[in-house]
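Residue numbers (the working numbering), protein chains in the order written: chain A, 1 to 332; chain B, 1001 to 1332.
2 protein chains.
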Amino acid sequence: MATIRDVAKLAGVSVATISRYLNKSGYVNADTELNIKHAIEKLNYLPSVVARGLAGKSTKTFALILPDISNPFFPELARAVEDVASTYGFTVILCNSDGQIGKEKNYIDILKSKNIDGIIFASNTLGQEDVDKLASFNIPFVCLDRAPTDKSCSVVRSNNREGGRLAVKHLLESGSKKIGHIYGPQDLIPAKERLIGYEESVRGFDWFSPSLMVQGDFGISGGIKATEELIRRHPDIDAIFAGNDLMAVGALKALHRMGIQVPGQVVVCGFDGINMTEITEPELTTIAQPIYDMGALVSRILIKKIEGTIEADQIYELDVTLIPRESTKRSG
Amino acid sequence: MATIRDVAKLAGVSVATISRYLNKSGYVNADTELNIKHAIEKLNYLPSVVARGLAGKSTKTFALILPDISNPFFPELARAVEDVASTYGFTVILCNSDGQIGKEKNYIDILKSKNIDGIIFASNTLGQEDVDKLASFNIPFVCLDRAPTDKSCSVVRSNNREGGRLAVKHLLESGSKKIGHIYGPQDLIPAKERLIGYEESVRGFDWFSPSLMVQGDFGISGGIKATEELIRRHPDIDAIFAGNDLMAVGALKALHRMGIQVPGQVVVCGFDGINMTEITEPELTTIAQPIYDMGALVSRILIKKIEGTIEADQIYELDVTLIPRESTKRSG
DNA sequence: TTACAATGTGGTACCGGTTACACATGAAAT
DNA sequence: ATTTCATGTGTAACCGGTACCACATTGTAA
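Written out as C-alpha cells, the structure reads:
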C-alpha cells in the first residue's frame, strides 16, 4: 500500500502539499495539483482513514445501536441509516444491545476506543449513565423515539399519540362498536404515547372500560396472549388496535385459532408499517411510521452534528399515515 | 482521554512496559503489574484501537457485505455474525451492496483505507476483480453460498441440492401428484442447486415436464407472477415448490387471489426458513437453512483467519431441515 | 568462577497521516 | 522603494500505540 510519502516523492513535493491537496486546505499550485493527481493514480494511493483518525480527525464511522436487527422494524431503519451514511462517505457499525444497559455501556467503551464519530441510539434503554459517559467522551449522538432523561439531545420520532387517535378514528369509521387495545411495554415512550392516543379517543364512549386495555410485549407471542385475554374479558369486542404490528400479527393468529373471522367479526389495526403487514392474511391495516425516512433523517442529523454544521438539539416529529387494508375492511 | 503515556507516568514505568502488560507480551513484574492495573483504573484508561491499528495491528473490525439488510434473510444472519464478532471483541461494519459490483468495489476501497481486518461476503456478485483486489490488499475474506470463480477461499453454504430433493420428497409424501417449481435467478448458485435437486427428483415421473419450472426473482412479486404463470400452464398442478420463502409467500398470495385453497387444492413449500414463514396463513412449510448457525460459523471462520489460527480454505456445507407446516398438510 | 539463560525494564523509531510554523516569491499598494 | 499580502511549499512535531534493541539483574549449569 502506497503512503502519502510515496506520493510526495513521486510528485516531487512534500507530504504537507499532498495533505493540503487531499483536504483542499491551503494553497496548491495548479501544475503541482496535476502532478499529485497523476502520482496518486499511478500509485493507486488511498489515504489511510486510520492514520487520519489518529491525527485527530474524523474516522468517518458511526455506530447504530439498536436492540436487535432481527426485529422486523430495524432492518429498514438500518438500511436507511446506511444509505445516507454511505453517500456522505461514512461507514456504519452495527450493534445489537438486546436492550441491555450493560451491553450498551460496553459498546460505548469499545466505540470510543475506536474513535468513532458518533452514535445513533435506536435502543430504548439509554440510561443516564450512558448519556453521561457519552457526554464525558464528547461523542455526538442522536436518539430515535426516546429522549434521554435530562440531557438535551436531538431526537427523531413519529407522532405516536396522533397515530393512536388515527387508529381509533379509522376503526370507528369502519363501523367498530367496541375497540380493545393491546399496548406495549410502558417504559417505551412510543408505546405509552399510542396508548394515550387510544385512551383520549375512546374515553368518551359508554362502552369504554379500562379492562379493554391489555398489556403485550411488542412481540408476536405477546400479541397472541394479550388477544386471548382480551377476548376472554370482552367476548363482544369487534375491533383490536395493537400497539405495534408484531402484536397485531399475533392478534391475527390468535383470532384465527379461536375461529374468529377477521375482518368479519373482529377488525385489527397495527402500528409501525413494517413489511410483514403485507403478507398476512388478511393483509394488515396499520398506522405506518415513515421508517425509512426516520432512519435517513436521524443519519443526516448525526452527520451534521459530527461535521459541526448543526446548531441546537431539536426534536423532529414525523407524521404517521394510516394504511387501510383488508384487516379492517368490513363488508357491511 | 488518558493515553498510554499518562498511565506510564502514573505507574512509574515506561510505555513499553504498559504495552507489554496490555498485550501480555514479554515480562512484567507482578508488583509492576498491580501498579499498572491501578493506574489504568484511576485514569479510566482505554487503549486506542485506532493507534493500535495504525501501528500495524488489528483494528478489531470486519465488514459484512450483503445485498440488502431489508431482505428478511439477512437480519438473522447479520445478528449471528455480530453476536460472535462481539464475543471475540470485534465490531461489524454493515454494507448494503444491492448486488452491484460497483458498490462492492467502492466498499472494498473504503474498508481497506480503514484497515479493517476482514470481510464477509453474503453478496452474490463477488466478481473476479473484487477477489483480485482483496488478494492484492491482502484482506482475509469468507464467502456465503458462493465461491469466487477461481480463487480459493473459505465458503459457508448449505446443502441446497439436498434441500431441493427434500422438498420434493415431502411434497410427494404429502400426496402431491404434480409438482411445479419456481426457481430463482440462475446466476445464484443456491437457486441453481435447488433447481437441480428438484429436477433430479421429478425427472423420472411421467407427469414431469420442463414447463413445470418457472423462473422467479426471489422476491414476493416474482413469486406471484411465477405462480400465475404456472397455474396458467398447468391448471391441474397440486403442489408448488418455491426456490425461496419470499416467492413461496408470493405463491400463497397468488393462489389466494385466484381462489385456490392452500393446502386444500395446492400445497406449497418454500426454502430458507425465514421467520416470515411462521406468520403466513396457512403457515408455510419450508426447507430451513440454519441461518443463524451459518452466520455464526462464517463469522468464526473469518476471525480465525484474521488471527491466523486457521489453515486451509475449506467449504463448509451445512444441512438443511424440513419444517412441515400447514401449507403442505393435506387433510386427506 | 565463568557463562549463559531467564526475567524485567527503558529508549525510541515507526505506523501514515495533519498542521503549525517558517520561508520564499511576486504583485499590488503606499 | 518599501511594505503588505496572496500564493505556494517544506520541515518537523504530534496523534497513541507497538516492538525492536539495549541493558540490567539474578539464578544456575558448566
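Each residue gets a CB set at the ideal place from its N, CA and C atoms; glycine is no exception.
Since the model is a prediction, treat every value here as computed from it, not as a measurement.
Exercise. Starting from Q1289 of chain B, follow its DSSP beta bridges and name the residues at the other end.
Key: DSSP, once it has assigned bridges, lists no residue as partnering Q1289 of chain B.
Practice problem: Kindly identify the DSSP beta-bridge partner or partners of E317 of chain A. | Solution: E317 of chain A pairs with A:R157.
Quiz item: Under three-state DSSP, which class holds I93 of chain A?
Solution: Look at I93 of chain A here: in three-state DSSP terms it is strand.
Practice problem: Under 8 Å by Cβ, that's how I've got Y198 of chain A and A191 of chain A pegged, so tell me the actual separation to the nearest angstrom. | Solution: Your pair Y198 of chain A and A191 of chain A does not check out as a contact, with CB atoms roughly 11 Å apart and the cut at 8 Å.
Exercise. Say whether chain B places a C-beta atom closer than 8 Å to the C-beta of G223 of chain A.
Key: Cβ-Cβ to chain B under 8 Å: no for G223 of chain A.
Exercise. Show which residues of chain A have a CB atom less than 9 Å away from the CB atom of N1124 of chain B.
Key: Within 9 Å Cβ-Cβ: nothing; N1124 of chain B doesn't reach chain A, min ~17 Å.
Quiz item: Is the Cβ of M1276 of chain B closer than 8 Å to any Cβ of chain A?
Solution: At least one chain A Cβ lies under 8 Å of M1276 of chain B.
Self-check item: Three-state class that DSSP yields for M213 of chain A in the structure shown
Solution: Reduced to three states, the DSSP call for M213 of chain A is strand.
Self-check item: Between the CA atoms of G1163 of chain B and F1218 of chain B - distance to the nearest angstrom
Solution: Their backbone Cα atoms lie some 16 Å apart in a straight line.
Exercise. Please compile the residues from chain B whose C-beta is within a distance smaller than 7 Å of the C-beta of K112 of chain A.
Key: L1046, listed in chain order.
Quiz item: Do you know offhand how far P1282 of chain B's Cα is from P1263 of chain B's?
Solution: Approximately 8 Å between the Cα atoms of the pair.
Exercise. Please list the partners that P75 of chain A has in chain B, where partner means a Cβ-to-Cβ separation under 9 Å.
Key: Within chain B, the residues near P75 of chain A are D1068, I1069, S1070, N1071, P1072, F1074, P1075, A1078.
Quiz item: Which residues in chain A sit within 7 Å of L1094 of chain B, going by Cβ to Cβ distance?
Solution: The answer, in chain order, is A78, E82, V92, L94.
Quiz item: Relative to chain A, which residues along the region 1290–1317 of chain B have a C-beta separation below 8 Å, given in chain order?
Solution: Of all residues in the region 1290–1317 of chain B, none has a C-beta nearer than 8 Å to a C-beta of chain A.
Practice problem: Provide the residue(s) that pair with G180 of chain A in DSSP beta bridges, ordered along the chain. | Solution: G180 of chain A is bridged by DSSP to A:I240.
Exercise. Determine the closest residue to K329 of chain A out of A:T286, A:L34, A:I291, with distance taken between C-alpha atoms.
Key: Closest by alpha carbon: A:T286.
Quiz item: Span of the beta strand (DSSP E) holding A63 of chain A?
Solution: Where A63 of chain A is concerned, the enclosing beta strand (DSSP E) starts and stops at 61–66.
Quiz item: According to DSSP, what are the bridge partners of D1272 of chain B?
Solution: DSSP lists B:A1288 as the bridge partner or partners of D1272 of chain B.
Quiz prompt | Contact the region 129–143 of chain A vs the region 286–305 of chain A: 3+ CB pairs below 8 Å | solution = These segments touch.
Practice problem: Please decide whether A1051 of chain B counts as near chain A, where near means a Cβ-Cβ distance under 8 Å. | Solution: It does: the Cβ of A1051 of chain B has a partner Cβ on chain A nearer than 8 Å.
Practice problem: Measure the CB-CB distance between V1249 of chain B and I279 of chain A and report whether it falls below 8 Å. | Solution: Note that the C-beta distance between V1249 of chain B and I279 of chain A is below 8 Å.
Quiz item: Which one or two residues does DSSP pair with L10 of chain A in a beta bridge?
Solution: DSSP, once it has assigned bridges, lists no residue as partnering L10 of chain A.
Quiz item: Got a sec, what are the start and stop residues for the alpha helix (DSSP H) F141 of chain A sits in?
Solution: From DSSP, F141 of chain A is part of no alpha helix (DSSP H) but of the beta strand (DSSP E) over 141–144.
Quiz item: Expressed to the nearest angstrom, what Euclidean distance is found between the alpha-carbon atoms of T1321 of chain B and R52 of chain A?
Solution: The alpha-carbon separation between T1321 of chain B and R52 of chain A amounts to approximately 48 Å.
Exercise. Could you work out which residues of chain B lie near E281 of chain A, taking near to mean beta carbons separated by less than 9 Å?
Key: Neighbours of E281 of chain A on chain B, chain order: L1252, K1253, H1256, T1280, E1281, P1282.
Quiz item: Whose CA, out of A:A288, A:S86, A:I40, lies closest to the CA of L246 of chain A?
Solution: Measuring from the Cα of L246 of chain A, the nearest candidate turns out to be A:A288.
Exercise. Give me the Cα-Cα distance between D31 of chain A and Y21 of chain A, rounded to the nearest whole angstrom.
Key: Those two C-alpha atoms are separated by around 12 Å.
Quiz item: Quick one, are the C-beta atoms of L64 of chain A and N124 of chain A less than 8 Å apart?
Solution: The Cβ-Cβ distance between L64 of chain A and N124 of chain A does not fall below 8 Å.
Quiz item: alpha helix (DSSP H) containing F1074 of chain B: first to last residue?
Solution: 1073–1087 is the span of the alpha helix (DSSP H), which, as asked, contains F1074 of chain B.
Practice problem: Mind checking who G118 of chain A pairs with in its DSSP beta bridge? | Solution: According to DSSP, G118 of chain A bridges with A:F62.
Quiz item: Taking F90 of chain A as the reference, which of B:Q1186, B:I1110, B:S1211, B:Q1100 has the closest Cα?
Solution: Answer by Cα proximity: B:I1110.
Exercise. Using a threshold of 8 Å, state whether the C-beta atoms of P75 of chain A and P1075 of chain B are closer than that.
Key: Against a cut-off of 8 Å, the Cβ pair of P1075 of chain B and P75 of chain A comes out as a contact.
Quiz item: Along the chain, where does the alpha helix (DSSP H) that runs through S1327 of chain B open and close?
Solution: Run containing S1327 of chain B: none; DSSP gives neither H nor E here.
Exercise. Would you mind giving the Cβ-Cβ distance between V268 of chain A and A226 of chain A, rounded to the nearest angstrom? I have them listed as a contact below 8 Å.
Key: Not really, about 12 Å apart at Cβ, beyond 8 Å.
Quiz item: So, L1318 of chain B versus N1115 of chain B, is the Cβ gap smaller than 8 Å?
Solution: Result no, Cβ atoms of L1318 of chain B and N1115 of chain B do not sit closer than 8 Å.
Quiz item: CB-CB under 6 Å to L195 of chain A, same chain, minus the five flanking residues each way: which ones, in chain order?
Solution: Taken in chain order, the residues that qualify are Y183.
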